[in-house]
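Chemist: In our numbering, the protein residues as written are 20 to 249.
Note that beta-carbon positions come from the ideal geometry of N, C-alpha and C, so glycine has one too.
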């Protein structure tokens, strides 16, 4: 409802006619700075949907093994994980605006990889040990989302912004499906979702996926330092 009222207050603006060909994605792929954020977003989606798809299965394993109690049901854990996503994404972008987008994103992504590995190492532990780690992971996983999308939008050429956003979304959806599949395939390869030994490599896959984000950002770093805010 609030968004509807905001839209009513906005001043109408006629779109600027495009001078290029429709569905021309070449300029997007040649925009190295924007592609860095797009590939980083792919790494983010790989991790996000990898854990969201398998979080209930993971906590079902944890609860069945450790008897976590009624408050620690898989549904409750999944709900808490989702609730933390929005404020984490907003705060992550605010931090990025203050310390520099690439620096903040690199720190967040490496931190998220470290938390994922720690969860995998402690997968056979008590639910009360794993609970704070999962809640911390619920913060680190989405914390890079807003900053990545903002970076993509700021790096896009104005005449190709729509095409850039289309590539951004397509890469995100593709890596989302890939992340969920890779975690499941890893679990199957190491004994299944009820084997403690399978969860370390599964979370290792998530950690490896998100580490690709900083690599993409380093690859796309502008030669000049006048874009540190981006």
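Just to confirm my understanding: we take residue 157, look at its own chain, exclude 5 residues before and 5 after, and list those with CB closer than 6 Å. What are they?
Modeler: 100 and 103
Chemist: Could you tell me the distance, in whole angstroms, from the CA atom of residue 142 to the CA atom of residue 201?
Modeler: 18 Å
Chemist: Given residue 175, which residues of its chain have a CB within under 6 Å of its CB, disregarding the five upstream and five downstream residues?
Modeler: 53 and 183
Chemist: Can you confirm whether the segment 150–164 touches the segment 113–130 when touching is taken to mean that 3 or more C-beta pairs between the two stretches lie within less than 8 Å?
Modeler: yes
Chemist: Ends of the alpha helix (DSSP H) at residue 239?
Modeler: It is not in any alpha helix (DSSP H) - residue 239 carries neither H nor E in the DSSP assignment.
Chemist: Entirely within the segment 158–237 and at least 4 residues each: give me those alpha helix (DSSP H) ranges in chain order.
Modeler: 164–174 and 180–208
Chemist: So, helix, strand or coil for residue 108, using DSSP?
Modeler: helix
Chemist: For residue 122, which of helix, strand or coil comes out of DSSP?
Modeler: helix
Chemist: Considering residue 80, what are the terminal residues of the alpha helix (DSSP H) in which it resides?
Modeler: 51–85
Chemist: Quick one: measure Cβ to Cβ for residue 171 and residue 44, integer angstroms, because I've assumed they're closer than 8 Å.
Modeler: In this structure residue 171 does not touch residue 44 by the C-beta definition: roughly 14 Å separates them, more than the 8 Å allowed.
Chemist: From which residue to which residue does the alpha helix (DSSP H) around residue 101 run?
Modeler: 93–102
Chemist: Take residue 209 and list the residues in its own chain whose beta-carbon comes closer than 7 Å to its own, dropping the five residues that flank it on each side.
Modeler: Taken in chain order, the residues that qualify are 216, 217 and 220.
Chemist: When the Cα atoms are used, what is the spatial distance from residue 197 to residue 187?
Modeler: 15 Å
Chemist: Within the continuous alpha helix (DSSP H) that includes residue 24, where are the two ends?
Modeler: Run containing residue 24: 21–28, per the alpha helix (DSSP H) assignment.
Chemist: Does the separation of the CB atoms of residue 65 and residue 228 fall below 8 Å?
Modeler: yes
Chemist: Cα separation between residue 24 and residue 192?
Modeler: 30 Å
Chemist: Report yes if the CB atom of residue 168 is closer than 8 Å to the CB atom of residue 60, and no otherwise.
Modeler: Yes, these two residues count as a Cβ contact at 8 Å.
Chemist: Could you check whether residue 111 and residue 166 sit closer than 8 Å to each other, using their CB atoms as the reference points?
Modeler: yes
Chemist: In three-state DSSP terms, what is residue 33?
Modeler: Coil.
Chemist: Rounded to a whole number of angstroms, what is the C-alpha to C-alpha distance between residue 75 and residue 234?
Modeler: 30 Å
Chemist: Measuring straight from C-alpha to C-alpha, what distance separates residue 239 and residue 48?
Modeler: 12 Å
Chemist: Kindly indicate which residue of 97, 30 and 127 has the alpha-carbon position closest to the one of residue 107.
Modeler: 127
Chemist: Exposed or buried, which one is residue 244 when buried takes at least 16 other CB atoms within 10 Å?
Modeler: Its pLDDT being 49, under 50, residue 244 is placed unreliably by the model, and the measurement read from it follows with that caveat. With fewer than 16 other Cβ atoms within 10 Å, it is exposed.
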